[in-house]
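Reviewing the structure listed below.
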Amino acid sequence: MTILRRFSPAFLLPLLSAFALSACGINSVPAAEEVAKAKWADVQAQYQRRANLIGNLVATVKAAGKQEQDTLVGVTEARAKATSIQVSADDLSDPAKVQQFQQAQAQLGQGLGRLLASVEAYPDLKANQNFLDLQSQLEGTENRIAVSIRDYNEAVRAYNTRIRTFPDAIGAKIIHGAKPMTPFQASTPGADEAPKVDFGN
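Numbers -22 to -1, 1 to 179, taken from mature numbering (1 follows the signal peptide of the UniProt record, and there is no 0), label the letters of the sequence shown in order.
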């Protein structure tokens, strides 16, 4: 009681106002948004890693299997399309742009699955150390993609919940003009599963 008497109301008012505003999403909303954007960058990095590996894989298969030209062309075209569609952190509240990115990645995943399935006809290729290394790296990358998507979706869920619940919704709408972000979802059946890369070894 004696401590409060030492401070004038003019001093306490800004202090109480700052405390009240801190509970209205002033800092927590942008912090949650930045976490979601960082997780999206991780998703893109893993898809870029896959695209880079596919280029090497296509070159290795091309050297061993001239008969699979149509499959190789299809994968190369799908890779080019997938890498040309970019979704910036500012586009994460646009479901159409996120879906376009998802569909391109799903198409590339399906093409990769067909390419890897066609390798069964080439015993020499399956024994090629370069191919086996690429296969192992692709398996790891598909797992990293799944983890990155899970982490991104969790960050989006936390952000979307924060901007819709009191008291953070006040700061989210009035100060930040926050919009919900779009989670990553499978756009075609089975697109959320890694292409099969098991050759029965």
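For every residue, glycine included, the Cβ atom is placed at its ideal position computed from N, Cα and C.
The model shown is predicted, which means the values in this text are computed figures rather than measured ones.
- For D129, the closest of A74, P161, F109 by C-alpha to C-alpha distance is P161.
- For a cut-off of 8 Å, the C-beta gap from Q85 to A56 is around 5 Å, short enough to register as a contact.
- Between V7 and A156, the C-beta spacing is below 8 Å.
- With distances taken between CA atoms, V53 lies nearest to L93 out of T61, A67, L93, K17.
- Less than 8 Å separates the beta-carbon of A10 from that of R140.
- Between S71 and M159, the C-beta gap is smaller than 8 Å, which places the two residues in contact.
- Taking 8 Å as the upper bound for CB-CB distance, S126 and Q24 are in contact here, some 5 Å apart.
- When rounded, the separation of the alpha-carbon atoms in S62 and N30 is 13 Å.
- Taking all protein chains in view, the Cβ of N5 is surrounded by fewer than 16 other Cβ atoms within 10 Å, so the residue is classified as exposed.
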